[in-house]
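A.B. asks:
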Ligand SMILES: Cc1cc2nc3c(=O)[nH]c(=O)nc-3n(C[C@H](O)[C@H](O)[C@H](O)COP(=O)(O)OP(=O)(O)OC[C@H]3O[C@@H](n4cnc5c(N)ncnc54)[C@H](O)[C@@H]3O)c2cc1C
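In our numbering, the protein residues as written are 598 to 1050.
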């Protein structure tokens, strides 16, 4: 009988693994169970669908289940939830909502993703309060704006993480007044205070009513949400999006006795293998190793999922392939600003990992000073005092500021020092950057600071 590779979850990690395994070893029988109706969809594009930048929800789908079946020979079964794993018998139990069935496997991949956190707040279940995590959420939010009912005029957003910031822009694009509530002192906490302050000024300039250090205590109204309540205020809203972060879907693994790490994600080794040798985990449900700290971490981002899935597909097909370390590199559009981060920025986390962090922040132009159309870019760079190794960075600005973070991400993967980063040969021509790109200038300033202190 052919080898059976069974995948639970049909999005980034799952379909990358399924496709790679089938391509590398066409003899393998690849079966994917997806409990929803979509596979291989771009959750990252959902805020832009709500904004109206993307017309059709189906535009977010890369390959349909039918195409996977007919063009790639992968047995994709939608509307099928895996409810149990029996690692001793190498079998999973699958439910279609009415009936259950069993499926055997030689290798199993858990690519079950994460779920949106729903904080215990009064009124969270009122109509008009949404999370945005799967395609059905995106469709429901867009229908709330474009449907037959009275269109909403005002939106409340819980959380100033990247989803909250993207949704603020999406609602503003659709002409809604936006109130964004963040209980911490800054939005985009993982991007650092220097970067967040620039974003906050910009959000306010764009008309967002930004309330920092403000926790939402309830969502008031009758059946439908009508108000966001805080300790001190009651703000009228017609629609709410809750962006309180995500948590890994690791219960299936835990119930089967597969190890789940302290972060709550499925524990994996460098090949994505779990505590069961023929069971793998990848993407938002799994741990990954941080390139700076060397410790397990949880980075629920798309490339992490796609990369790990692809590597596991290769491993299962016979070529052991490490899933690769993560740096937590992320980029967000906030109206006219590009905001990006990588590595370890926050000093407390750096100290916990055994580093002595030193940081420099510089602001420079995005293009040669004489070339029209330039904008300010702020780069914050952190390094370890003793080893001078680059630990992390954030970048904020317009005019292609964001992807500049990739140079620092490359430095992190290479384990480069600040002096080595300063000597990187980055591209220059007047329309694109000053001779010394702002990343190089930040490295030079930080190098000087390390020498002085
Ligand atoms: C609004 C939004 C914007 C985002 N923007 C970005 C971005 O700009 N950049 C970025 O890098 N990342 C972004 N992300 C994150 C990115 O989408 C995820 O990191 C990525 O989708 C993770 O892929 P995954 O395959 O691990 O999990 P998922 O995409 O969550 O897929 C898991 C799948 O498993 C299925 N499933 C779960 N349990 C079972 C079961 N028991 N049986 C069968 N099926 C099951 C689920 O239905 C789901 O389809 C965004 C996410 C959201 C929600």
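Cβ atoms here follow ideal geometry from the backbone N, Cα and C, with glycine treated the same way.
(1) Checking the sheet assignment: what are the DSSP bridge partners for residue 709?
(2) Use the C-beta contact count for residue 761: other C-beta atoms within 10 angstroms, 16 or more gives buried, fewer gives exposed.
(3) In whole angstroms, give me the CA-to-CA distance for residue 943 and residue 787.
(4) Which one of 794, 722, 952 and 978 has the shortest CA to CA distance from residue 1042?
(5) Whose C-alpha, out of 1003, 919 and 684, is nearest the C-alpha of residue 874?
(6) For ligand 1, any of its heavy atoms closer than 7 Å to the Cβ of residue 690?
(7) Taking Cβ to Cβ, would you say residue 918 is nearer than 8 Å to residue 908?
(8) Who are the near neighbours of residue 602 in its chain, counting only those whose CB is closer than 6 Å to its CB and skipping five residues on each side?
(9) Can you name the residues that DSSP bridges to residue 964?
(10) Would a C-beta distance cut-off of 8 Å place residue 990 and residue 1015 closer than the cut-off?
(11) What separation, rounded to the nearest whole angstrom, lies between the Cα atoms of residue 1021 and residue 712?
(12) When you compare only the Cα positions, how much space is there between residue 892 and residue 1019?
(13) If you draw a straight line from the alpha carbon of residue 722 to that of residue 869, how long is it in whole angstroms?
(14) Tell me, to the nearest whole angstrom, how far the beta carbon of residue 983 is from that of residue 953; I am working on the premise that it is less than 8 Å.
(15) Is the Cβ-Cβ distance between residue 753 and residue 837 less than 8 Å?
(16) Give the range of the beta strand (DSSP E) segment to which residue 698 is assigned.
(17) The beta strand (DSSP E) with residue 690 in it runs from where to where?
(18) For residue 1038, does the three-state DSSP call read helix, strand or coil?
(19) If you reduce the DSSP assignment to three classes, tell me which class residue 794 lands in.
(20) Return yes when the Cβ of residue 763 is within less than 8 Å of the Cβ of residue 896, no when it is not.
(21) Near residue 644, what residues of its chain come up, given a Cβ to Cβ distance below 6 Å and the 5 sequence neighbours on each side ignored?
(22) Relative to the alpha-carbon of residue 962, which residue among 846, 1037 and 640 has its alpha-carbon at the smallest distance?
(23) Per DSSP, residue 927 forms a beta bridge with which residues?
(24) So residue 1021 is in the alpha helix (DSSP H); what residue range does that whole segment cover?
(25) Going by C-alpha to C-alpha distance, which of 987, 1010, 911 and 1029 sits closest to residue 622?
(26) Need the endpoints of the beta strand (DSSP E) that residue 674 sits in, please.
(27) Give the secondary structure of residue 813 by DSSP, where H, G and I count as helix, E and B as strand, and everything else as coil.
(28) Tell me whether the beta-carbon of residue 636 lies closer than 8 Å to the beta-carbon of residue 675.
(29) Which same chain residues end up closer than 6 Å to residue 805 when comparing Cβ atoms and leaving out the 5 residues on each side of it in sequence?
(30) Please work out which residues of its chain come closer than 6 Å, Cβ to Cβ, to residue 600, disregarding the five sequence neighbours upstream and downstream, and give them in chain order.
(31) Using CA atoms only, rank isn't needed, just tell me which of 970, 969 and 980 is closest to residue 958.
(32) Pairs of beta-carbons, one from the stretch 988–1007 and one from the stretch 816–833, closer than 8 Å: are there three or more?
(33) From the DSSP output, in three-state form, read off residue 969 for me.
(34) Can you tell me whether residue 831 is buried or exposed, with buried defined as 16 or more other CB within 10 angstroms of its CB?
(35) To the nearest angstrom, report how far apart residue 950 and residue 890 are at their CA atoms.
C.D. replies: Taking the structure as given:
(1) Translated into the one-based positions of the chain shown, residue 709 becomes position 112. As DSSP reads the structure, residue 709 sits in no beta bridge.
(2) What you label residue 761 is simply residue 164 of the chain shown in a count that begins at 1. Buried, since its Cβ has 16 or more Cβ neighbours within 10 Å.
(3) Stepping through the chain shown from its first residue, residue 943 is reached at position 346. Stepping through the chain shown from its first residue, residue 787 is reached at position 190. Distance between the alpha carbons of residue 943 and residue 787: 8 Å.
(4) What you label residue 1042 is simply residue 445 of the chain shown in a count that begins at 1. Answer by Cα proximity: 978.
(5) Locating residue 874 in the chain shown gives position 277, where the first residue counts as 1. The residue with the shortest Cα to Cα distance from residue 874 is 684.
(6) On the chain shown, residue 690 is found 93 positions in, with the first residue counted as 1. Answer for residue 690: no, Cβ out of range of ligand 1.
(7) As a position in the chain shown, residue 918 is number 321, starting the count at 1. As a position in the chain shown, residue 908 is number 311, starting the count at 1. Yes. Within cutoff.
(8) Taking the chain shown and counting its residues from 1, the one referred to as residue 602 is at position 5. The beta carbon of residue 602 sits closer than 6 Å to the beta carbons of 618, 625, 627, 704 and 913 from its chain, once the five residues preceding and following it are set aside; these are given in chain order.
(9) Residue mapping note: residue 964 aligns to position 367 of the chain shown, counting from 1. The beta-bridge partner set that DSSP reports for residue 964 is empty.
(10) Translated into the one-based positions of the chain shown, residue 990 becomes position 393. Translated into the one-based positions of the chain shown, residue 1015 becomes position 418. Using a Cβ distance threshold of 8 Å, residue 990 and residue 1015 do not count as a contacting pair.
(11) As a position in the chain shown, residue 1021 is number 424, starting the count at 1. As a position in the chain shown, residue 712 is number 115, starting the count at 1. The alpha-carbon separation between residue 1021 and residue 712 amounts to approximately 40 Å.
(12) The count along the chain shown starts at 1 and reaches residue 892 at position 295. The count along the chain shown starts at 1 and reaches residue 1019 at position 422. Between the C-alpha atoms of residue 892 and residue 1019 there is a straight-line separation of about 27 Å.
(13) By one-based count along the chain shown, residue 722 stands at place 125. By one-based count along the chain shown, residue 869 stands at place 272. Distance between the alpha carbons of residue 722 and residue 869 is about 37 Å.
(14) For the purposes of this step, residue 983 is taken as the residue at position 386 of the chain shown. For the purposes of this step, residue 953 is taken as the residue at position 356 of the chain shown. Contact between residue 983 and residue 953 holds, with the beta-carbon distance rounding to 6 Å and staying under 8 Å.
(15) By one-based count along the chain shown, residue 753 stands at place 156. By one-based count along the chain shown, residue 837 stands at place 240. Taking 8 Å as the Cβ cut-off, residue 753 and residue 837 qualify as a contacting pair.
(16) Looking up residue 698 in the chain shown gives position 101. Taken as a continuous stretch (DSSP letters only), the beta strand (DSSP E) holding residue 698 covers 697–701.
(17) Along the chain shown, one-based indexing puts residue 690 at 93. Boundaries of the beta strand (DSSP E) harbouring residue 690: 688–692, taken from the DSSP string.
(18) In the chain shown, the residue the question calls residue 1038 occupies position 441. Residue state for residue 1038 is assigned as helix, using DSSP reduced to three classes.
(19) Indexing the chain shown from 1 puts residue 794 at position 197. In the three-state reduction of the DSSP assignment, residue 794 falls in the helix class, which pools H, G and I.
(20) Numbered from its first residue, the chain shown carries residue 896 at position 299. Numbered from its first residue, the chain shown carries residue 763 at position 166. No, the pair does not count as a contact, with Cβ atoms beyond the cut-off.
(21) Numbered from its first residue, the chain shown carries residue 644 at position 47. Here the set comprises 763, 764 and 767.
(22) Stepping through the chain shown from its first residue, residue 962 is reached at position 365. Comparing Cα positions, the closest option is 1037.
(23) Counting from one through the chain shown, the residue named residue 927 turns up at place 330. 938, per the DSSP bridge assignment.
(24) As a working note, residue 1021 is residue 424 in the chain shown. No alpha helix (DSSP H) holds residue 1021; DSSP gives it neither H nor E.
(25) For the purposes of this step, residue 622 is identified with residue 25 of the chain shown, where counting begins at 1. Considering only alpha carbons, the answer is 911.
(26) Taking the first residue of the chain shown as 1, we reach residue 674 at position 77. Start and end: 672–675.
(27) Within the chain shown, the letter at position 216 stands for residue 813. DSSP, read as helix, strand or coil, puts residue 813 in strand.
(28) Here the question's residue 636 lines up with position 39 in the chain shown. Here the question's residue 675 lines up with position 78 in the chain shown. Yes; because the gap between Cβ atoms is below 8 Å, this pair is in contact.
(29) Here residue 805 corresponds to residue number 208 of the chain shown, with the count starting at 1. Only residues of its own chain outside the window of five on either side were considered, and among them 765, 775 and 777 have a CB closer than 6 Å to the CB of residue 805, listed in chain order.
(30) Working through the chain shown from its first residue, we reach residue 600 at position 3. Cβ neighbours of residue 600 beyond the five flanking positions: 625 and 703.
(31) For the purposes of this step, residue 958 is identified with residue 361 of the chain shown, where counting begins at 1. Among 970, 969 and 980, the Cα nearest to that of residue 958 belongs to 980.
(32) As far as the Cβ criterion goes, the stretch 988–1007 does not touch the stretch 816–833, which means the pair count is below three.
(33) Along the chain shown, read from residue 1 onward, the residue named residue 969 stands at position 372. Look at residue 969 here: in three-state DSSP terms it is coil, with no helix or strand label.
(34) As a first step, residue 831 must be located in the chain shown, where it is residue number 234. Classification for residue 831: exposed.
(35) Reading the chain shown from its first residue, position 353 is the one you call residue 950. Reading the chain shown from its first residue, position 293 is the one you call residue 890. One C-alpha to the other measures close to 6 Å.
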